[in-house]
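Student:
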Amino acid sequence: MPIHCRAISNQTNPSQLLITNDAELYTKATSKGWTPLEFAAENNLKTSIQWGLKHTGYVSAKSSASLLQYAAEHGYEDLAQVLINAGTELETKSRLQVYLASAEGHAATIKLLLRSGARFEAREEAGLSPLCWAFQKGHETAVRVLLEAGADLSATTFEGRIALSQASQRSSEGTMQLLLDNIAEIDSNDGSGWTTLQMASRMGRVSITRFLLEAGVNQDARGAKVNEQGEDWGTPLHFSCHNGHESVIKILLQAGADPNSANVHHETPLHKAIKSLLDTKAAVELLIEARADIEIANDYEAMAALFLAVRAGSAAKIKLLVETGANLEAKSSQGFTPLFEAVDRKDKSLVKLLLDLGADVEAKSDRGKSVVALASHLHQHELARFLRVVKSKRRNPSIM
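Structure, rendered in structure tokens:
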């Protein structure tokens with residue numbers, strides 16, 4: 001039986017394992033580059049590896065480090081102990097064993113590695129610390145082990161994300177509570193300029209959003225920081241509305257979120273919900289119910305909500321806004337009404353919808369161009385004919 005097969009089957013009798021050169025345990029690789037000891041590691045065969053390490057006369061730094069990484073990643077504590085006892089170096093240039101164990105949540109293996117001298121502040125090549133990975137993956141027990149070992153809660157990744165932001169996106173309430181019990185500035189933003197609450201809102205984390213608000217992330221009056229801006233995107237409500245997280249939107253509004261808060265582009269949460277390509281009709285309804293101003297225009301094209309709904313091609317949102325009282329004749333910075341935008345989209349169904357809702361077919365841009373002229377300019381001759389017919393019927397109701 002080949003030595004690789006004997007390693008897999010845990011046949012540890014020296015007469016079975018030994019071949020001409022004991023070093024073959026490390027050096028005789030398969031076509032895929034696997035040595036017998038690596039085969040044994042794959043099967044967590046501590047005894048086979050222990051015997052092999054004892055009888056080869058040396059420990060290959062490259063092989064043993066690779067095996068220890070494998071043991072850490074898969075939570076093979078006994079195997080890791082064997083390799084550490086054999087003198088395996090705890091850290092290599094790239095993949096760090098304590099990082100691997102933390103990313104997979106193997107708390108017992110983390111404890112072993114830390115007791116043996118591994119550094120909890122070490123990072124892998126992407127810049128993520130073991131603590132950040134444990135937070136991000138929601139491994140509560142692993143987080144607790146690292147915190148008890150002295151891991152720094154304020155330590156950031158190379159991307160600038162603090163551990164709390166990572167946890168708000170993926171972790172459990174238990175992990176969040178652990179963080180809130182230990183961290184100093186729970187409402188600080190990360191390197192991206194987003195706060196913890198914004199991260200949770202963006203990801204649709206219902207329980208975490210509620211948990212953060214109730215736990216006092218907004219340390220002043222309740223709702224004081226629920227409206228905090230995050231770089232150019234806006235407030236937590238902007239994030240949740242853009243992604244259509246209905247339950248999160250309700251929680252934020254109940255906590256005092258301002259439905260008319262504008263970001264640096266003068267976009268409100270309503271603008272974000274309407275522009276979204278996702279199904280955000282429920283978000284629009286919630287905002288309207290919360291008295292969102294449907295006539296606020298953004299600052300770069302002076303487009304109000306209805307204009308944006310036409311641009312997004314959403315018939316449902318158009319109907320909802322018009323039923324709420326949206327101005328069908330409000331103009332953009334270019335002097336166009338929503339009907340012009342529908343013609344520009346070459347979308348006859350939206351043109352017909354707006355006309356049925358009462359849009360003025362006689363409307364002209366600030367430069368005097370009509371919707372018929374625009375359709376003709378775009379070579380939409382059928383649409384131009386349709387508009388002429390509508391214009392004629394409206395001028396002469398008796399011929400209808």
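For the sequence shown, position 92 (counting from the first letter as 1) is numbered 92 according to full-length UniProt numbering, and the numbering increases by one without interruption.
Every residue gets a Cβ at the ideal spot worked out from N, C-alpha and C, and that includes glycine.
These numbers come from a predicted model, not from an experiment.
#1: Alpha carbon to alpha carbon, how far is residue 284 from residue 225?
#2: Is the beta carbon of residue 273 closer than 8 Å to that of residue 227?
#3: Thinking C-beta only, is residue 259 closer than 8 Å to residue 292?
#4: Below 7 Å, is the gap between the Cβ of residue 332 and the nearest heavy atom of the ligand FMN?
#5: Under three-state DSSP, which class holds residue 325?
#6: Which residues in the same chain as residue 173 place their Cβ atom closer than 8 Å to its Cβ, once the five residues preceding and following it in sequence are excluded?
#7: Using a Cβ-Cβ cut-off of 6 Å (strictly less than) and excluding sequence neighbours within five positions of residue 282, which residues of its own chain qualify?
#8: Under DSSP, the alpha helix (DSSP H) around residue 141 begins and ends at which residues?
#9: Apart from the five residues on each side of it in sequence, which residues of its chain come closer than 8 Å, Cβ to Cβ, to residue 380?
#10: How is residue 369 classed by DSSP in three states: helix, strand or coil?
#11: Who does residue 234 pair with in a DSSP beta bridge?
#12: Can you tell me whether DSSP reads residue 225 as helix, strand or coil?
#13: Hey, how far is the Cα of residue 374 from the Cα of residue 265?
#14: Taking the continuous alpha helix (DSSP H) assigned at residue 198, which residues delimit it?
#15: Could you give the DSSP three-state label for residue 364: helix, strand or coil?
#16: Taking 8 Å as the CB-CB cut-off, is residue 227 touching chain D?
#17: Can you list, in chain order, the residues of its chain whose CB lies under 8 Å from that of residue 408, leaving out five sequence neighbours each side?
#18: Could you check if residue 277 is buried or exposed, using at least 16 other CB atoms within 10 Å of its CB as the buried criterion?
#19: Please classify residue 341 as buried or exposed, where buried requires at least 16 other C-beta atoms within 10 Å of its C-beta.
#20: Terminal residues of the continuous alpha helix (DSSP H) containing residue 109?
#21: What are the boundary residues of the alpha helix (DSSP H) that residue 271 is part of?
#22: Closest by CA to residue 175, which one among 147, 198, 195?
#23: Starting from residue 85, follow the alpha helix (DSSP H) in both directions and report where the run begins and ends.
#24: What whole-angstrom Cβ distance do residue 142 and residue 107 have, given they're in contact under 8 Å?
#25: To the nearest angstrom, how far is the alpha carbon of residue 243 from that of residue 288?
#26: Cα separation between residue 204 and residue 194?
#27: What separation, rounded to the nearest whole angstrom, lies between the Cα atoms of residue 97 and residue 196?
Tutor: The structure says:
#1: In the sequence shown, residue 284 corresponds to position 284, counting from 1. In the sequence shown, residue 225 corresponds to position 225, counting from 1. In a straight line, the C-alpha of residue 284 is about 23 Å away from that of residue 225.
#2: The residue you call residue 227 lines up with position 227 of the sequence shown. The residue you call residue 273 lines up with position 273 of the sequence shown. Judged by beta-carbon spacing, residue 273 lies beyond the 8 Å limit of residue 227, meaning their Cβ atoms are not closer than that value.
#3: Walking along the sequence shown from the start, residue 292 turns up at place 292. Walking along the sequence shown from the start, residue 259 turns up at place 259. Cβ distance < 8 Å, so residue 292 and residue 259 count as in contact.
#4: Ligands displayed in this structure: none; no statement on the ligand FMN is therefore possible.
#5: In the sequence shown, residue 325 corresponds to position 325, counting from 1. If DSSP states are grouped into helix, strand and coil, residue 325 belongs with coil.
#6: Sequence index remark: in the sequence shown, residue 173 carries index 173 (1-based). The beta carbon of residue 173 is closer than 8 Å to those of 207, 208, 211 in its chain, skipping five residues each way along the sequence.
#7: Residue numbering aside, residue 282 sits at position 282 when the sequence shown is read from its first letter. In the same chain as residue 282, and ignoring 5 residues on each side of it, the C-beta atoms closer than 6 Å to its own belong to 246, in chain order.
#8: Residue mapping note: residue 141 aligns to position 141 of the sequence shown, counting from 1. Counting along the chain, residue 141 sits inside the alpha helix (DSSP H) bounded by residues 140-148.
#9: Along the sequence shown, one-based indexing puts residue 380 at 380. Spatial neighbours of residue 380 in its own chain (CB-CB distance under 8 Å, excluding positions within 5 residues in sequence) are listed in chain order as 343, 346.
#10: In the sequence shown, residue 369 corresponds to position 369, counting from 1. In the structure shown, residue 369 sits in coil (DSSP, three-state: anything other than H, G, I, E or B).
#11: The residue given as residue 234 occupies position 234 in the sequence shown. Per DSSP, 230.
#12: For the purposes of this step, residue 225 is identified with residue 225 of the sequence shown, where counting begins at 1. The answer is coil: DSSP assigns residue 225 none of H, G, I, E or B.
#13: Within the sequence shown, the letter at position 374 stands for residue 374. Within the sequence shown, the letter at position 265 stands for residue 265. When rounded, the distance between both Cα atoms is 29 Å.
#14: Numbered from its first residue, the sequence shown carries residue 198 at position 198. From DSSP, the alpha helix (DSSP H) with residue 198 extends over 196-203.
#15: Here the question's residue 364 lines up with position 364 in the sequence shown. DSSP places residue 364 in strand when its eight states are reduced to three.
#16: The chain inventory of the structure shown lacks chain D, comprising one protein chain alone.
#17: As displayed, the chain neither begins before 1 nor continues past 400, which places residue 408 out of reach and without an answer.
#18: Taking the sequence shown and counting its residues from 1, the one referred to as residue 277 is at position 277. Classification for residue 277: exposed.
#19: Walking along the sequence shown from the start, residue 341 turns up at place 341. So residue 341 counts as buried.
#20: Residue 109 sits at position 109 when you count from the first residue of the sequence shown. Taken as a continuous stretch (DSSP letters only), the alpha helix (DSSP H) holding residue 109 covers 107-115.
#21: Looking up residue 271 in the sequence shown gives position 271. Its alpha helix (DSSP H) spans residues 269-275.
#22: The residue labelled residue 175 in the question sits at position 175 within the sequence shown. Distances from the CA of residue 175 to each of 147, 198, 195 were compared; the closest alpha carbon is that of 147.
#23: Within the sequence shown, numbered from 1, the residue matching residue 85 stands at position 85. In this chain, the alpha helix (DSSP H) harbouring residue 85 covers 77-85.
#24: Residue 142 sits at position 142 when you count from the first residue of the sequence shown. Residue 107 sits at position 107 when you count from the first residue of the sequence shown. Right, the Cβ-Cβ distance comes to about 5 Å (below 8 Å), so this counts as a contact.
#25: In the sequence shown, counting from the first residue as 1, residue 243 sits at position 243. In the sequence shown, counting from the first residue as 1, residue 288 sits at position 288. A straight line joining the alpha-carbon of residue 243 with that of residue 288 spans about 17 Å.
#26: As a position in the sequence shown, residue 204 is number 204, starting the count at 1. As a position in the sequence shown, residue 194 is number 194, starting the count at 1. A straight line joining the alpha-carbon of residue 204 with that of residue 194 spans about 15 Å.
#27: Counting from one through the sequence shown, the residue named residue 97 turns up at place 97. Counting from one through the sequence shown, the residue named residue 196 turns up at place 196. Going by the C-alpha atoms only, they are around 29 Å apart.
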